[in-house]
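See below for the structure under consideration.
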Amino acid sequence: MTKRILITGGAGFIGSALIKHLQEHDHSIFVIDNLSFGNKAFVAIPDDRFFEEDIRDRNRMFELIEQIQPDWVIHLAAIHFIPYCNQHPFESSNINVQGTINVLDACKQTKSVNKVFFASTAAVYPIYNEAVTEQHELNPLDIYGLSKLVGEKLCSEFHLDSGISTVICRFFNAFGPNETNPHLIPEIQDQINAGKRTINLGNLEPKRDFIHTYDMARAVIALMETADIRYDVFNLGRGIEYSVTDIVEAFERQLEEKITIEQEASRIRKTDRMHLLADVSKLKKTTGWEPQWSIDEGIKTLIHQPQT
Ligand SMILES: NC(=O)c1ccc[n+]([C@@H]2O[C@H](COP(=O)([O-])OP(=O)(O)OC[C@H]3O[C@@H](n4cnc5c(N)ncnc54)[C@H](O)[C@@H]3O)[C@@H](O)[C@H]2O)c1
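Per the numbering used here, the sequence shown starts with residue 6, numbered consecutively.
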């Protein structure tokens with residue numbers, strides 16, 4: 006059924022993939038994004054539905070959400086690049102916590118809103134050497150993870166107060182087109198696309214659960230369309246972990262060329278998680294969602310694609 010859907014942070018990496026998929030249906034899409042990291046060119050949204058605004062502006066959030074009258078609000082706007090959060094703890098926690106309070110309070114006041122989605126993160130988990138389920142104990146290691154854990158608590162209070170259906174989704178490591186932050190895969194992509202076949206990287210052993218943004222988009226939509234969720238928390242990953250070396254090998258397979266890795270001292274993190282792997286059985290069981298993009302297929306589409 007056609008919905009009015011507001012996406013905060015819709016001009017970002019995951020937001021743009023989500024909008025592309027939502028636009029395959031006859032929904033009315035609205036975006037609030039201050040374009041600090043996102044790019045308006047990533048999304049085909051008419052100007053009168055794109056609001057270049059800051060979620061820290063509480064009054065404006067109340068005015069806008071009342072004006073838009075959304076059925077669903079998908080709250081993605083945040084600062085999430087962990088090194089940036091560590092360097093800018095006030096700015097990032099202010100956006101991730103105060104901004105979230107503003108969006109949730111405005112949703113509570115606007116009668117049309119009947120479902121809210123909050124983008125949380127795998128960074129709410131401490132280090133585990135096995136696949137993590139939603140039941141694993143939470144204990145974020147950094148300010149980013151902590152700010153998102155606060156966001157989860159705010160969502161829980163919001164649901165108890167308002168009765169509005171609320172979905173919390175802990176995203177693992179996204180990859181795909183329109184990347185906005187200098188994560189591992191765009192870093193390799195940039196060096197490869199610049200013609201380098203000897204590339205400089207940091208730690209090679211840590212493993213991450215990389216999931217394509219198009220699979221994430223389909224999962225977010227599946228969760229929003231699942232009518233009987235009142236309040237619930239889901240992991241969203243591929244359920245497979247890859248080391249840095251595995252990712253470079255996937256580039257090699259797609260290029261059919263040898264890539265040599267040189268470790269660069271300035272890129273090596275002194276402490277790093279060795280594993281971050283999602284157990285996604287709850288998401289699959291609840292929605293029937295299955296990931297479709299393999300790492301090789303995803304990487305194939307990134308080769309020769311310019312970073313923005
Ligand atoms: N990319 C990942 O691997 C990943 C992993 C876990 C969680 N997440 C979460 O998913 C969501 C989307 O992440 P992404 O990768 O698309 O990041 P992104 O930076 O591309 O998208 C975030 C968007 O929010 C906007 N934004 C930032 N501050 C804002 C503010 N004050 N007001 C309005 N808009 C603002 C940015 O301009 C950007 O377009 C975030 O909440 C992030 O924490 C992402």
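Note that CB positions come from ideal geometry on N, CA and C, so glycine has one too.
- Taken from the Cβ of THR185, at least one heavy atom of ligand 1 lies inside 7 Å.
- For ligand 1, a non-hydrogen atom lies closer than 7 Å to the CB of LEU81.
- By a beta-carbon distance limit of 8 Å, VAL121 does not contact ILE87. Their separation comes to about 25 Å.
- In the structure shown, the three-state DSSP call for ARG175 is strand.
- Around the C-beta of GLN194, 16 or more other C-beta atoms lie within 10 Å, and the residue is accordingly described as buried.
- By the neighbour-count definition (other C-beta atoms within 10 Å, threshold 16), LYS290 is an exposed residue.
- Taken from the Cβ of GLY14, at least one heavy atom of ligand 1 lies inside 7 Å.
- With contacts defined by Cβ atoms closer than 8 Å, PHE35 and PRO75 form a contacting pair.
- Listed as beta-bridge partners of HIS217 by DSSP are PHE180.
- Ranking GLU267, ALA136, GLY43 by CA distance to the CA of GLU246 puts ALA136 first.
- When DSSP reads this structure, TYR236 sits in a beta bridge with THR171.
- Nearest C-alpha to ARG223 among ASN240, SER286, PRO296: PRO296.
- For the options GLU96, ARG63, ARG274, ILE50, the alpha carbon positioned closest to that of GLU210 is the one of ARG274.
- Contact check between the stretch 219-233 and the stretch 253-262: fewer than three CB pairs, one atom from each, fall below 8 Å, which does not count as touching.
- With respect to the 8 Å criterion, ARG278 and ILE148 are not classified as neighbours on the basis of their beta carbons.
- Counting every other CB atom within 10 Å of its CB across the protein chains shown gives THR13 a total of 16 or more, marking it as buried.
- Looking at the DSSP output, VAL137 sits in a beta bridge with ALA283.
- Our two residues, LYS116 and HIS164, have alpha carbons roughly 14 Å apart in a direct line.
- THR276 is not bridged by DSSP to any residue.
- Listed as beta-bridge partners of ILE10 by DSSP are ILE34, TRP77.
- Taking the Cα positions, ARG54 is about 30 Å away from LYS158.
- When distances are taken from the beta-carbon of THR126 to the heavy atoms of ligand 1, the shortest one is below 7 Å.
- With fewer than 16 other CB atoms across the displayed protein chains lying within 10 angstroms of its CB, LYS201 is exposed.
- Excluding sequence positions up to five before and after SER152, its CB lies within less than 6 Å of the CB of SER98, ASN101, VAL102, all in the same chain and listed in chain order.
- With contacts defined by Cβ atoms closer than 8 Å, THR185 and PHE42 form a contacting pair.
- Proximity of the beta carbon of ALA49 to ligand 1 is not indicated: no heavy atom of the ligand is located closer than 7 Å.
- The nearest non-hydrogen atom of ligand 1 is less than 7 Å from the C-beta of ASN178.
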